[in-house]
Amino acid sequence: MTDDKRKIIGQALARVVERARGGIGRTAIGLMAAGSELGSKELLDGAVLAQAEDPRLKVTAIGPRTEGYDQLEWIETGDAEADIAAAMEKALSEGLIAGAAALHYPFPVGVATVGRVLTPARGRFMLISSTTGASAAQPLQALALNAVYGRAVAKSLGAAEPTLGLLNVAGASQTLRVLNLLKEGGYDLRFGLSRRADGGAILRGNDLLNPGADICLCDSLTGNVLMKLFSAWNTGGAYEASGWGYGPSVGQGWNRVVSIISRASGAPVVAGALKFTAAAVRGGLPEKAALELAAAEKAGLNDILASLAPTEAPAQAEIKAPPARPAGAEIPGVDVLDMDAAVKSLWKEGLYAESAMGCTGPVIKVPGDILEAARDCLKRGRYL
C-alpha cells in the first residue's frame, strides 16, 4: 500500500474517532452559487431543498450573497467564476467544507466522476462510471480504472457487493477480458447480466432503461451524454429536471469529493447532487477508492494497465517541462488523443502547461500571462 493510501485511510480513521467523541454533526458541502444558465436562484433553491430533505446536510453557498437565503451558510465572493472557484478551493483546503458541487472543475488526468441515474423500466438506481474527467489518458486503461472507481462510489453509498456491466462502447470486449484477468487474480469483481436474450456482462442500450447491473461502465464522454439524456429527456433539454448531477470525483491519491452539476441543472438536480456528495463524504469515498485500488493492484492491476499502454514510437529526444508555475487559464478544444503531444509542443517552446479534463472535455491549463502565446502555438501545431 502506498503512502498516499495510508494517509487517506488514516485521515478517515481520525474522522471516525472525532465523530465518536463529539457526535455526528452536519456535513458541510459547498455550492458554486453563480454561473448557471438558469440563474443563481435556481442553484440556491436546490440548496434549500437539499437541506430540507437531508437534515444532516449543511450547504455553504459560495458566490455573491443573494437576499432571501439566510438559512444557508455563505462564503461571499465577487461574481467572477475564477473568484468563486478560488474560494471553493480554499474552503476545501482549510476543511471549511467536506465536499463541493461545482459547475466546472478541471480535474487532473487520473480523476473521473461517477454519476447516478434512476432507470425508468424498474425504478432502479444505477451508477454510470464515468461521466466527466478521465481516469487515464489511454482509453482502455481508463475503462479498466472506471470499473474500480465505480465500485468505490457504490460502496461509499452502502452497496456491499455491487455488480458491474460494460456498455457496448469501443473497447468494451477488451476491457471485459482485462476485468476477468483481475477477477482471476483475486479481485472480488461481480458482473451483472444483460436482460437481453443472449445475456452476458456486455450491456446493450436497452439495459440502460432496464438494468441488470448496479454499475454501467463506459468512457466519460459517453457517460456525460447519458447523464444529460436521463436528466432532461422530458424537458426538451434546456432544463435538467431529475437526477443527481454528474457525480463525485474519485481517483488514485485524490482526497477531494467534488461533484459536478451542469449549467442547465435545475433545482431538483442541484439538490440531488448536494445530497449525493454528502452521502459520498459520509461513506468515506476517498478511503473506499484507496482500498479498492489496493485490492485491484494486489490482483495484478498495474501489470495489466502496463500491458494496455500503446506501443511506443521510436525514441526521440526527451522534451522536459519548463519550471512549474500556477496554471489558472484553460484552453479547450484539443482532442483527448492529442493532449500529451499538445502539452509537449508548448514545453518545447518554453511555455509551461498541464493537461486536465474539464466538464465539457479535455483542457490544457497554462499560466494566465502566456495564454495567448500558448493558444497561438497550439494553432500553429494544428491542435486547435
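Going by this note's numbering, the sequence shown opens with residue 1, and the numbers climb by one from there. Backbone N, C-alpha and C define an ideal beta-carbon position, used for all residues, glycine too.
Residue i versus residue j - alpha carbon distance
i, j, result
"K58", "E73", "8 angstroms"
"P139", "G171", "8 angstroms"
"E89", "L371", "22 angstroms"
"N224", "T113", "10 angstroms"
"L337", "A373", "22 angstroms"
"A97", "L229", "Note that residue 97 corresponds to Ile in the displayed sequence, not to Ala. Rounded to whole angstroms, I97 to L229 spans 30 angstroms at the Cα level."
"D207", "Y187", "25 angstroms"
"A82", "A238", "25 angstroms"
"P367", "I331", "11 angstroms"
"I62", "T77", "7 angstroms"
"V148", "G212", "18 angstroms"
"V169", "A317", "36 angstroms"
"K183", "G150", "16 angstroms"
"I84", "N180", "44 angstroms"
"G68", "S40", "12 angstroms"
"G46", "L176", "39 angstroms"
"L193", "A121", "16 angstroms"
"W419", "K320", "Since the first residue of the chain shown is 1 and the last is 384, residue 419 is not available in this structure."
"G165", "R65", "44 angstroms"
"K365", "A241", "32 angstroms"
"S220", "S265", "18 angstroms"
"I304", "G133", "22 angstroms"
"G205", "F191", "17 angstroms"
"R195", "A201", "10 angstroms"
Buried or exposed by the 16-neighbour rule on C-beta atoms within 10 Å, applied to residue i
i, result
"Q51", "buried"
"P286", "buried"
"K275", "buried"
"S93", "exposed"
"A342", "buried"
"W233", "exposed"
"P385", "Beyond the ends of the chain as shown, which are 1 and 384, falls residue 385; an answer cannot be given."
"A152", "buried"
"D214", "buried"
"E161", "exposed"
"P362", "buried"
"D70", "exposed"
"A197", "exposed"
Expected contact under 8 angstroms - CB spacing of residue i and residue j to nearest Å
i, j, result
"S231", "P248", "Wrong, their Cβ atoms sit about 16 angstroms apart, outside the cutoff."
"A403", "G30", "Any property of residue 403 remains undetermined from this structure, which presents the chain solely from 1 to 384."
"G387", "L127", "No information on residue 387 is available, as it lies outside the stretch 1 to 384 that the chain covers here."
"L43", "V269", "Not really, about 10 angstroms apart at Cβ, beyond 8 angstroms."
"G300", "G123", "That pair is no contact at about 38 angstroms."
Same chain, Cβ closer than 6 angstroms to residue i, neighbours up to 5 away in sequence not counted
i, result
"E53", "none"
"K155", "K288"
"A281", "Note that residue 281 is Val in the sequence shown here, rather than Ala. Closer than 6 angstroms at Cβ, skipping near neighbours: T27, A98, G99, V257."
"A137", "V109"
"A101", "L31, S259, I261, A273, L274, T277"
"G23", "Note that G23 scores 34 on pLDDT, short of 50, meaning its location in the model is unreliable and no value can be drawn from it."
"G251", "G110, V111"
"L308", "L140, Q141"
"E292", "V148, R151, A152"
"M418", "Because the chain spans 1 through 384 in this model, residue 418 falls outside it and cannot be assessed."
Identity of the residues DSSP links to residue i by a beta bridge
i, result
"E240", "S265"
"T235", "Per DSSP, none; premise fails for T235."
"R396", "Nothing can be reported for residue 396, as the shown portion of the chain is limited to 1 through 384."
"F107", "M357"
"K183", "Note: K183 sits in no beta bridge, so no partner."
"E330", "K365"
"G251", "V111"
"W74", "A61"
"L167", "L203"
"V258", "A100"
Beta-carbon contacts of residue i that lie in its chain and below 7 angstroms, excluding the five residues immediately before and after
i, result
"C377", "S345, L346, E349, L351"
"G158", "G283"
"Q174", "L140"
"R263", "G35, S36, E37, L103"
"N146", "A112, S129, S130, S135, L217"
"R380", "none"
Cβ neighbours of residue i in the same chain (closer than 8 angstroms, five flanking residues each side left out)
i, result
"T60", "A28, I29, G30, L31, L72, E73, W74, I75, A91, L96, I97"
"T119", "F125, M126, L208, L209, N210, P211"
"A279", "S156, L157"
Short CB-CB distance (under 8 angstroms) between residue i and chain C
i, result
"M88", "No chain C is present in this structure, which holds just one protein chain."
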